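Participant:
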Amino acid sequence: MELISVLVPCYNEEENVFDFYNELMKTESYFKERDVDFEIIYINDGSKDGTVSEVKKLHEQDERVHLISFSRNFGKESAIYAGLQKAKGDYVVMMDADLQDPPALLPEMYTAIVDEGYDSVATRRVSRKGEPPIRSWFARRFYSLMNKMSKTEIVDGARDYRLMSRQFVDAILSMEEYNRFSKGIFGWVGFDTKWLEYENIERQKGETKWSFWKLFLYALDGIIAFSTSPLSFASILGVLFCFLAFVLIVVIIVRTALIGDPTSGWPSLVCIISLISGVQLLCLGIVGQYLSKTYLEVKKRPIYLVKEEI
Ligand code: UDP
Ligand code: MG
0 MELISVLVPC
10 YNEEENVFDF
20 YNELMKTESY
30 FKERDVDFEI
40 IYINDGSKDG
50 TVSEVKKLHE
60 QDERVHLISF
70 SRNFGKESAI
80 YAGLQKAKGD
90 YVVMMDADLQ
100 DPPALLPEMY
110 TAIVDEGYDS
120 VATRRVSRKG
130 EPPIRSWFAR
140 RFYSLMNKMS
150 KTEIVDGARD
160 YRLMSRQFVD
170 AILSMEEYNR
180 FSKGIFGWVG
190 FDTKWLEYEN
200 IERQKGETKW
210 SFWKLFLYAL
220 DGIIAFSTSP
230 LSFASILGVL
240 FCFLAFVLIV
250 VIIVRTALIG
260 DPTSGWPSLV
270 CIISLISGVQ
280 LLCLGIVGQY
290 LSKTYLEVKK
300 RPIYLVKEEI
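With numbering that gives the first Met the number 0 applied, the sequence shown closes on residue 309, and no number is skipped along the way.
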């Protein structure tokens, strides 16, 4: 008998624990026929509501339901990593608890791997309906910038909903970095991925955990984790300004020799000084971003801490 591990990261999702399970079980008969069983792992990412007790209730009902409970909120990326480490399945799938990732697609994903020979099947939403327009605009800018800057392909609208073969999972687990940006990691490992598309589905119950600011910082993390071009940008700016300064020096020497030195011009000097110091601080900031990520990486802190496991 084959096993599919279903990973469900949960942060304050008490209303969705049972709904998700019930929705997933609608696909059970399809898999039973093919001699495939489920293992459902809820990863509680430091929820402050009744998520843990809901999962425990579910475990009483069905012992294929497991729980990994973190000691605090470590973020969805850490939850995914923990789930991948614990998953025993021949195939592993990640889904959001809020039913934005429809379990009804699972049979189609499964056949793509088993019959068509893909290593993973990923999903992307082709619309962003139900999302604030400003957020969609920034998201599109992020993806186009990211794909210009990074060699790793990052697909616009890709969700974390993905069914993977054991080989693909092991490849991801071999990337033990602390600053985890899944969308990049999935692209980086390669293998054959089939993309399924669907219209955006709005969250069933509860609220999104991503504020605009959180998403913005996440986007920056992604750029820093998968591209070093901001560093080259700093060097290029430096070279440009050196060149400009050199030209100006020549101009001033020649002009002084020809027509003497008119003493006016300190306002322009102030402007130039503030421009250059601004550029210097910007570049220092870019270097600082990479340094801080390196610092966190070098410390080798655990990606998550488990408080309880069932
Ligand atoms: N999530 C998590 N830890 C976090 C934030 C979110 O495990 O710190 C989970 C959340 O419970 C949900 C999934 O990640 O199952 C996606 O979160 P959400 O629906 O809030 O994001 P959105 O769909 O709005 O991008
Ligand atoms: Mg959601």
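Glycine included, every Cβ here is placed at the ideal spot set by N, Cα and C. Just so you know, these numbers come straight off a predicted model, no measurement behind them.
Locate the beta strand (DSSP E) running through Pro266, then write down its first and last residues.
Facilitator: Unbroken run through Pro266 is the alpha helix (DSSP H), 265-298; no beta strand (DSSP E).
Participant: What's the gap between the Cα of Asp155 and the Cα of Ile251?
Facilitator: 50 Å
Participant: The ligand MG heavy atoms versus the CB of Arg134: any closer than 6 Å?
Facilitator: no
Participant: By alpha-carbon positions, which one of Glu62, Ser68, Phe30 ends up nearest to Ser46?
Facilitator: Ser68
Participant: With DSSP run on the structure shown, which of helix, strand or coil describes Pro8?
Facilitator: Reduced to three states, the DSSP call for Pro8 is strand.
Participant: So does Asp44 have its beta carbon nearer than 6 Å to some heavy atom of the ligand NAD?
Facilitator: Looking for the ligand NAD in the displayed structure turns up nothing; the ligands present are the ligand UDP and the ligand MG.
Participant: Taking the continuous alpha helix (DSSP H) assigned at Glu59, which residues delimit it?
Facilitator: 50-60
Participant: Please report how far the alpha carbon of Lys87 lies from the alpha carbon of Cys241, in whole angstroms.
Facilitator: 57 Å
Participant: Any heavy atom of the ligand MG within a distance shorter than 6 Å of the CB on Asp100?
Facilitator: no
Participant: Going straight from the alpha carbon of Val269 to that of Val278, what length do you get?
Facilitator: The straight-line gap from Cα to Cα measures roughly 14 Å.
Participant: Please classify Asn21 as buried or exposed, where buried requires at least 16 other C-beta atoms within 10 Å of its C-beta.
Facilitator: exposed
Participant: With a cut-off of 8 Å, do at least 3 Cβ pairs link the segment 111-127 to the segment 143-158?
Facilitator: Yes, the segment 111-127 is in contact with the segment 143-158.
Participant: For Phe167 and Tyr80, I'd like the C-alpha separation in whole angstroms.
Facilitator: 13 Å
Participant: Need the endpoints of the beta strand (DSSP E) that Ala157 sits in, please.
Facilitator: 157-164
Participant: CA-CA distance, Pro229 and Ile285?
Facilitator: Distance between Pro229 and Ile285, taken at the CA atoms: about 7 Å.
Participant: Determine the direct distance from the alpha carbon of Leu281 to that of Asp18, and round the result to whole angstroms.
Facilitator: 48 Å
Participant: Using DSSP bridges, identify the partner residues of Asn384.
Facilitator: For residue 384 there is no data in the structure shown, the boundaries of the chain being 0 and 309.
Participant: Give a yes or no on whether 7 Å exceeds the smallest Cβ distance from Arg71 to chain B.
Facilitator: In the structure shown, chain B does not exist; there is a single protein chain.
Participant: Measuring from the CB of Gly74, is there a heavy atom of the ligand UDP at a distance below 6 Å?
Facilitator: Residue side-chain check: Gly74 places its Cβ nearer than 6 Å to a non-hydrogen atom of the ligand UDP.
Participant: Pick helix, strand or coil for Val16, following the three-state DSSP scheme.
Facilitator: helix
Participant: If we ignore side chains and look at the alpha-carbon of each, how far apart do Gly205 and Met148 end up?
Facilitator: 35 Å
Participant: If contacts are defined as beta-carbon pairs under 8 Å, then Val5 and Glu53 qualify, I think. What distance do you get, rounded to the angstrom?
Facilitator: Not quite, the Cβ-Cβ distance comes to about 16 Å (not below 8 Å), so this is no contact.
Participant: Roughly how many angstroms lie between the CA atoms of Ser135 and Gly116, to the nearest whole one?
Facilitator: Those two C-alpha atoms are separated by around 34 Å.
Participant: Please indicate yes or no: does the CB of Glu95 lie closer than 6 Å to some heavy atom of the ligand MG?
Facilitator: Per the sequence shown, residue 95 should be read as Asp rather than Glu. Yes, since a heavy atom of the ligand MG falls inside the 6 Å radius drawn around the Cβ of Asp95.
Participant: Could you tell me whether the segment 169-189 touches the segment 224-238, where touching means 3 or more Cβ pairs closer than 8 Å?
Facilitator: With a cut-off of 8 Å, the segment 224-238 and the segment 169-189 count as touching, because enough Cβ pairs lie within range.
Participant: Can we count Cys270 as close to the ligand UDP, meaning its CB is less than 6 Å from some heavy atom?
Facilitator: no
Participant: Based on the DSSP output, what are the partners of Ile3 in its beta bridges?
Facilitator: In the DSSP output, where bridge partners are listed per residue, Ile3 has Phe37, Tyr90.
Participant: In terms of alpha-carbon separation, which member of Lys55, Gly129, Tyr289 lies closest to Glu13?
Facilitator: Lys55
Participant: How many Å lie between Trp194 and Asp169 at the Cα?
Facilitator: 20 Å
Participant: Is any non-hydrogen atom of the ligand MG found closer than 6 Å to the C-beta of Arg127, if you look at the structure I gave you?
Facilitator: no
Participant: Can we count Arg202 as close to the ligand MG, meaning its CB is less than 6 Å from some heavy atom?
Facilitator: yes
Participant: What would DSSP say about Trp209, mapped onto helix, strand or coil?
Facilitator: coil
Participant: Alpha carbon to alpha carbon, what distance is there between Gly129 and Leu83?
Facilitator: 30 Å
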